[in-house]
Amino acid sequence: MDECVHYARLSVPSFTKRLKEHPVGYIPLGTLEWHGLHNVLGADGLQAEGIFTRAAKRFGGIVFPPLYLGPDRIEAGPEGTTLIGMDYSD
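Take any residue in the sequence shown, count from 1 to its spot, add 47: that is its number in the working numbering.
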């Protein structure tokens, strides 16, 4: 049977055991953006989750659900081009 390393799928006793054995948590990050018509919008986070899953199975630790961020955008304004970052607030 495959070893479970994903936080959302662990029972409390399994979580506690894994945490005692190797107290590391992996948090996959990715953007939600177009990757062409052939790929899914969440490809970055899914790839990060896959890498961390392999790391947790090999070295120990727990993989948390991916966190997705929105990409930056560029707006043309009267003073020129402005980059609007993910942390921008009006």
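All C-beta atoms, glycine included, are put in the ideal place defined by N, C-alpha and C. Note that the structure is a prediction, hence the values are computed from the model and not measured.
Between T100 and V87, the C-beta spacing is not below 9 Å. Secondary structure of I98 (DSSP, three-state): helix. Between R56 and G108, the C-beta spacing is not below 9 Å.
DSSP places L66 in no beta strand (DSSP E) but in the uninterrupted alpha helix (DSSP H) bounded by V59 to E68. Check the Cα spacing between A102 and each of Y73, P112 and L84: the tightest is with Y73.
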